[in-house]
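Peer 1: Protein sequence lines correspond, in order, to chains A and B.
The numbers in the first sequence follow the working numbering, run straight up by one, and end at 313.
The numbers in the second sequence follow the working numbering, run straight up by one, and end at 312.
Glycine is no exception: its CB is placed at the ideal position from the N, C-alpha and C atoms.
Below is one structure. I have some questions about it.
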Amino acid sequence: MAETSPLLAVTGLVAGYGGAPILRGIDLSVEPGEIVAVLGANGVGKTTLNKVLSGVLTPSAGEIRFDGERIDGAAAPAIVAAGLVHVPEGRKIFPDLDVHENLELGSYRRARANRAANLARVYDIFPRLAERRRQRAGTLSGGEQQMLAIGRGLMAEPKLLILDEPSLGLSPLLVEQMFTLIRRINTDGLTIMLVEQNVVQSLEIAGRAFVMENGRFVMAGAARDLAADPQLEKAYLGL
Amino acid sequence: MPFASAARAAGREFISNPVAPMFSPEIVATAVLNGLLTGAVYALVALGLTLVYGVLHIINFAHGALLTAAMFAVLVLKLWLGLDPYVAMVPLVPLFFIIGYALQRFVIGPASHGNDANILLVTLGLSILIENLLLAIFRSDTRTIDVPYAFMSIDLDFALLALPRVIAFGVSVVVAAALWALLALTDTGKAIRAVAKEKLGAALVGIDVAHVYAVTFGLGTACLAVAACLLMPTFYVSPRAGGAFVFVAFTIVVLGGMGSIPGALIGGLFIGVVESLSGLYFGESLGQIGIFAIFIAILLFRPTGLFGARA
Ligand SMILES: Nc1ncnc2c1ncn2[C@@H]1O[C@H](COP(=O)(O)OP(=O)(O)OP(=O)(O)O)[C@@H](O)[C@H]1O
Ligand SMILES: [Mg+2]
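Right under this line is the structure:
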């Protein structure tokens, strides 16, 4: 993989919300076709990193290259147009729109011409959404909302899909299905950056993983090696 | 206050009667019809207000002043170019869309720094600015325009309806339907509804939130241009003329549920009828008492309005 140029390359990224920086020098790369897991305890800055990557938060230093182009400081619509799509923590679906309309808006900025085909594909992946296509999204169950959020992300035909805690709030059975699903869409050719609290399952499906602590990555490497590393538990628990 | 109605004139001889007067069914029916005609234009003004509230979560205090400005624009086009008020929609609706878009994008949005209280003050400041500009240019005189069809009417056997008001009704309903279709069926409309509730989610599918805010404000302002073109054949304009409509429109927005489009339409028609009937029964100068009573009653008993689900 090392000889291909990375799809996403982040160097020296610093960002925050006005006070002390939350991200304090992030280096990260994602290669085409892989699943990269980003792990870390609560509040270390994983969601902040996703916000910077998707352009809703402006970094104060560092460089982000996506698909060969600089995107740090670009606005969110331009980043979506380039093919980096972020399915956020807490789903952030449109509660007053129905399921179908939510999916349609997934292709608001990108892949609009393929909307019909992609709708069919998303309904095929999530038959549950097909059954409920005229239901107001705000009345969906938590699990259904998560499916909708991922489906909406897929509608843009992303080159890189960032998933922020897709298993949050799901029952164990649904968590299992969610990981199976993520592996499936990756096998179909989609590059994925997976931010998760479910360490064991994430490391099972990821090729590589990064562990964040206090706004920096303290461990990185092949997921298999990290899973076997006693340091992981230490870093993760912040001991 | 806004419209004078034939039905009220017909009932005038009864006004001095201290007991509630009895009217023939024809007169009451005419009053109801006239109320619906008036109400449709009220609804149009309310639509702009409720749309902006529903999406930007602010009460646009410049709404009345912008309506006045649109009415003066109709006046000026008529006096200078001889342009018929209905034809004036062709240049004025796009122009006011652009004015509204630019106001939100380049004045209200940047000046508010994301703080709703600031937005309120900015729109209030804008309204004072616009009113005083109009006052400086046009003085405080009341002006009207002459159109050949001002006194034409449609005879329904039992009722005589003023033609300009029937036209106003028809156009208002068409505009409301078009607005509904835009919001329900187009990507832009869906983006507007998406941004109303979920800004971050909208940004993450690539919706330009500042642009959508400005489009929404532009649509609200364009509604005012339509209303102005419909009003001017039968109504007067002075630098404060818009204010009376916005008070009524605000009542409608509260009645229909803040942010609700069907609420604004049905609320507008309802308020029009209430005004017309209370004008008939209590005298023309008291026509708005009914509206005021409804306003207070809603605030007391159903603050979310008839169609409002939002807290
Ligand atoms: N909008 C904001 N304004 C100020 N501080 C914020 C904001 N959002 C997040 N923070 C702070 O930034 C830090 C990192 O938050 P972030 O959401 O990135 O954590 P996280 O790693 O995603 O945690 P979790 O696993 O709990 O989701 C936290 O201390 C949080 O309080
Ligand atoms: Mg998080």
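#1: Would you verify that the beta carbon of B/Ala312 is, or is not, closer than 8 Å to some beta carbon of chain A?
#2: Would you decide whether A/Lys308 is buried or exposed? Buried here means 16 or more other CB atoms lie within 10 Å of its CB.
#3: Consider the C-beta atom of A/Glu137 and the heavy atoms of ligand 1; say whether any pair is separated by less than 7 Å.
#4: Cutting at 6 Å between CB atoms, please list the residues of its own chain near A/Met75, excluding the five before and the five after it.
#5: What residues in the stretch 142 to 155 of chain A have a beta carbon less than 9 Å from any beta carbon of chain B?
#6: If you drop the 5 nearest sequence neighbours on each side, which residues of the same chain put their C-beta closer than 7 Å to that of B/Phe139?
#7: Within 10 Å of its beta-carbon, does A/Thr132 have 16 or more other beta-carbons around it, so buried, or fewer, so exposed?
#8: For the alpha helix (DSSP H) that A/Glu175 lies in, which residues bound it at each end?
#9: Does the pairing of the stretch 201 to 217 of chain A with the stretch 204 to 223 of chain B give three or more beta-carbon distances under 8 Å?
#10: Is the beta carbon of B/Leu180 closer than 8 Å to that of B/Leu220?
#11: Express the C-alpha separation of B/Gly202 and B/Ala10 in angstroms, rounding to a whole number.
#12: When the Cβ atoms of the stretch 153 to 165 of chain A are set against those of the stretch 228 to 236 of chain A, are three or more pairs found closer than 8 Å?
#13: Under 8 Å, with one C-beta from each stretch per pair, do the stretch 90 to 100 of chain B and the stretch 258 to 274 of chain B reach the 3-pair mark?
#14: Look at the Cβ atom of A/Gly86, then the Cβ atom of A/Ala135, and state whether they are nearer than 8 Å.
#15: If you draw a straight line from the alpha carbon of A/Glu163 to that of A/Thr121, how long is it in whole angstroms?
#16: Mark A/Ser79 as exposed unless 16 or more other C-beta atoms lie within 10 angstroms of its C-beta, in which case mark it buried.
#17: Between which two residues does the alpha helix (DSSP H) carrying B/His212 extend?
#18: Report buried or exposed for B/Pro263, applying the criterion of at least 16 other Cβ atoms within 10 angstroms of its Cβ.
#19: With 8 Å set as the bound, which would you pick, yes or no: does the beta-carbon of A/Tyr182 sit closer than that to a beta-carbon of chain B?
#20: Using a threshold of 7 Å, is the CB atom of A/Asn272 nearer than that to any non-hydrogen atom of ligand 1?
#21: Less than 8 Å between CB atoms is the rule here; does A/Ser215 satisfy it with respect to chain B?
#22: State yes or no: is the C-beta of A/Thr122 nearer than 7 Å to some heavy atom of ligand 1?
#23: So does the stretch 65 to 79 of chain B actually touch the stretch 131 to 138 of chain B, counting three or more Cβ pairs closer than 8 Å?
#24: Consult DSSP for A/Gly105 and reduce its assignment to one of helix, strand or coil.
#25: What does A/Leu171 reach in chain B if we use C-beta pairs closer than 7 Å?
#26: How many angstroms separate the CA atom of A/Val249 from the CA atom of A/Leu113?
#27: Starting from A/Ala248, follow the alpha helix (DSSP H) in both directions and report where the run begins and ends.
#28: A/Arg139 touches chain B at which residues, Cβ-Cβ below 9 Å?
#29: Please report whether the beta-carbon of B/Lys79 lies at a distance below 8 Å from any beta-carbon of chain A.
#30: When you check each C-beta in the stretch 109 to 134 of chain A against every C-beta of chain B, which residues fall closer than 9 Å?
#31: In chain A, what lies closer than 8 Å to B/Glu199 by C-beta?
#32: For B/Val175, count neighbouring C-beta atoms within 10 Å of its own C-beta (all shown protein chains included) and say buried if the count is 16 or more, exposed if not.
#33: In the DSSP output, what is A/His160 paired with across the bridge?
#34: Okay, do the stretch 266 to 279 of chain A and the stretch 237 to 249 of chain A touch, 3+ Cβ pairs below 8 Å being the bar?
#35: Hey, how far is the Cα of B/Leu278 from the Cα of B/Leu301?
#36: Indicate, with yes or no, if ligand 1 has a heavy atom lying under 7 Å from the CB of A/Glu163.
Peer 2: In brief:
#1: Here residue 312 of chain B corresponds to residue number 311 of the second sequence, with the count starting at 1. In this predicted model, B/Ala312 has a pLDDT of only 35, less than 50, meaning its place in the structure is not dependable; the value taken from the coordinates is given anyway. No, its Cβ sits nowhere closer than 8 Å to a Cβ of chain A.
#2: Against the first sequence, residue 308 of chain A aligns to sequence position 234. Counting other Cβ atoms within 10 Å of its Cβ, A/Lys308 stays below 16 and is therefore classed as exposed.
#3: Within the first sequence, the letter at position 63 stands for residue 137 of chain A. Relative to the non-hydrogen atoms of ligand 1, the Cβ of A/Glu137 never comes closer than 7 Å to any of them.
#4: As a first step, residue 75 of chain A must be located in the first sequence, where it is residue number 1. Reliability of the predicted coordinates at A/Met75 is poor, the pLDDT of 46 falling under 50, and no value is obtained from them.
#5: Of all residues in the stretch 142 to 155 of chain A, Ala149, Ala150, Pro151, Ala152, Ile153, Val154 and Ala155 have a Cβ within less than 9 Å of some Cβ in chain B.
#6: Taking the first residue of the second sequence as 1, we reach residue 139 of chain B at position 138. Excluding sequence positions up to five before and after B/Phe139, its CB lies within less than 7 Å of the CB of Phe73 and Pro240, all in the same chain and listed in chain order.
#7: Taking the first residue of the first sequence as position 1, residue 132 of chain A is located at position 58. Residue environment for A/Thr132: exposed (fewer than 16 other C-beta atoms within 10 angstroms of its C-beta).
#8: Counted from its first residue, the first sequence places residue 175 of chain A at position 101. According to the DSSP assignment, A/Glu175 belongs to the alpha helix (DSSP H) that extends over Val173 to Gly180.
#9: The stretch 201 to 217 of chain A is not in contact with the stretch 204 to 223 of chain B.
#10: Counting from 1 along the second sequence, the entry for residue 220 of chain B is found at position 219. Counting from 1 along the second sequence, the entry for residue 180 of chain B is found at position 179. Taking 8 Å as the Cβ cut-off, B/Leu220 and B/Leu180 qualify as a contacting pair.
#11: Numbered from 1 along the second sequence, position 9 holds the residue referred to as residue 10 of chain B. Numbered from 1 along the second sequence, position 201 holds the residue referred to as residue 202 of chain B. Residue placement at B/Ala10 is flagged as unreliable, the pLDDT there being 42, under the threshold of 50; the coordinate-derived value follows with that caveat. In a straight line, the C-alpha of B/Ala10 is about 55 Å away from that of B/Gly202.
#12: Put simply, the stretch 153 to 165 of chain A touches the stretch 228 to 236 of chain A. At least three CB pairs are less than 8 Å apart.
#13: In this structure the stretch 90 to 100 of chain B does not lie against the stretch 258 to 274 of chain B, because fewer than three pairs of beta carbons, one per stretch, are closer than 8 Å.
#14: Counted from its first residue, the first sequence places residue 86 of chain A at position 12. Counted from its first residue, the first sequence places residue 135 of chain A at position 61. Using a Cβ distance threshold of 8 Å, A/Gly86 and A/Ala135 count as a contacting pair.
#15: The sequence position of residue 163 of chain A within the first sequence is 89, counting from 1. The sequence position of residue 121 of chain A within the first sequence is 47, counting from 1. The alpha-carbon atoms of A/Glu163 and A/Thr121 are separated by roughly 7 Å.
#16: Position 5 of the first sequence, counted from the first residue, corresponds to residue 79 of chain A. The residue is exposed, with fewer than 16 neighbouring Cβ atoms inside 10 Å.
#17: Residue numbering aside, residue 212 of chain B sits at position 211 when the second sequence is read from its first letter. Val210 to Leu232 is the span of the alpha helix (DSSP H), which, as asked, contains B/His212.
#18: Taking the first residue of the second sequence as 1, we reach residue 263 of chain B at position 262. Classification of B/Pro263: exposed, given that the 10 Å Cβ count is below 16.
#19: By 1-based counting over the first sequence, the position of residue 182 of chain A is 108. Cβ-Cβ to chain B under 8 Å: yes for A/Tyr182.
#20: Counted from its first residue, the first sequence places residue 272 of chain A at position 198. Not one heavy atom of ligand 1 is found less than 7 Å from the C-beta of A/Asn272.
#21: Working through the first sequence from its first residue, we reach residue 215 of chain A at position 141. When Cβ-Cβ separations below 8 Å define contact, A/Ser215 makes no contact with chain B.
#22: Here residue 122 of chain A refers to the residue found at position 48 of the first sequence. True, at least one ligand heavy atom lies under 7 Å from that Cβ.
#23: Output reads yes: the stretch 131 to 138 of chain B touches the stretch 65 to 79 of chain B.
#24: In the first sequence, counting from the first residue as 1, residue 105 of chain A sits at position 31. Looking at the sequence itself, residue 105 of chain A is Glu, so the reference to Gly does not match. If DSSP states are grouped into helix, strand and coil, A/Glu105 belongs with coil.
#25: For the purposes of this step, residue 171 of chain A is identified with residue 97 of the first sequence, where counting begins at 1. The contacting residues are Lys191, Arg194 and Ala195.
#26: Taking the first sequence and counting its residues from 1, one reaches residue 249 of chain A at position 175. Taking the first sequence and counting its residues from 1, one reaches residue 113 of chain A at position 39. Linking A/Val249 to A/Leu113 through their CA atoms gives a straight-line distance of about 16 Å.
#27: Reading the first sequence from its first residue, position 174 is the one you call residue 248 of chain A. Just to set this straight, residue 248 of chain A is Leu in the shown sequence, not Ala. Per DSSP, the continuous alpha helix (DSSP H) segment holding A/Leu248 begins and ends at Pro246 to Thr261.
#28: For the purposes of this step, residue 139 of chain A is taken as residue 65 along the first sequence, with counting starting at 1. For A/Arg139, there are no C-beta contacts with chain B under 9 Å, since the nearest C-beta of that chain is about 20 Å from it.
#29: Mapped onto the second sequence, residue 79 of chain B falls at position 78. So no, B/Lys79 is outside the interface.
#30: Residues passing the 9 Å Cβ filter: Lys125, Ser128, Gly129 and Val130.
#31: Taking the first residue of the second sequence as 1, we reach residue 199 of chain B at position 198. Think of a sphere of 8 Å around the beta carbon of B/Glu199: the chain A residues whose beta carbon falls inside it are Lys166, Ile167, Phe168 and Pro169, in chain order.
#32: Along the second sequence, one-based indexing puts residue 175 of chain B at 174. Around the beta-carbon of B/Val175, fewer than 16 other beta-carbon atoms lie within 10 Å, marking it exposed.
#33: Against the first sequence, residue 160 of chain A aligns to sequence position 86. In the DSSP secondary-structure assignment, A/His160 is bridged to A/Ile236.
#34: Because the criterion of three Cβ pairs below 8 Å is met, the stretch 266 to 279 of chain A and the stretch 237 to 249 of chain A touch.
#35: Along the second sequence, one-based indexing puts residue 278 of chain B at 277. Along the second sequence, one-based indexing puts residue 301 of chain B at 300. Each residue's Cα considered, the two are about 23 Å apart.
#36: As a first step, residue 163 of chain A must be located in the first sequence, where it is residue number 89. Yes, the beta carbon of A/Glu163 sits closer than 7 Å to at least one heavy atom of ligand 1.
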